[in-house]
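First up is the structure itself, then whatever we jot down about it.
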Amino acid sequence: MDNSAKQKTIILGIVIGALTGAASAFVLIKRAESEDKNPELTPREGIQLGLGVLGLLRLIAGHGKS
Numbered sequence: 117m118d119n120s121a122k123q124k125t126i127i128l129g130i131v132i133g134a135l136t137g138a139a140s141a142f143v144l145i146k147r148a149e150s151e152d153k154n155p156e157l158t159p160r161e162g163i164q165l166g167l168g169v170l171g172l173l174r175l176i177a178g179h180g181k182s
């Protein structure tokens, strides 16, 4: 893989990660507003989110392997 393809892949990953993070924050804020509370992530939700991200990374890492 040449450096150009590596750079494009990294930049695309950064953009997708930033957009995903912003969307997650937006959903968290909207949920808090609907419940008339401050945005809050419980430890349980944090663990679930972390495990979900790890699962997604495993899925991406295994993509293309047979």
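Position in the sequence shown (first residue = 1) + 116 = our numbering. No residue lacks a Cβ here, since even glycine has one placed at the ideal position from N, Cα and C.
Inset, instruction - Helix, strand or coil for LYS153, going by three-state DSSP, please let me know. - result: Residue state, collapsed to three classes: coil.
Inset, instruction - Confirm, please, whether the CB-CB distance from ILE145 to PRO159 is below 8 Å. - result: At a Cβ-Cβ threshold of 8 Å, PRO159 and ILE145 do not count as neighbours.
Inset, instruction - Look up THR158 in the DSSP assignment and say whether it is helix, strand or coil. - result: Coil, per DSSP.
Legend entry - Inter-residue spacing [alpha-carbon to alpha-carbon] between ALA148 and LYS124: In a straight line, the C-alpha of ALA148 is about 36 Å away from that of LYS124.
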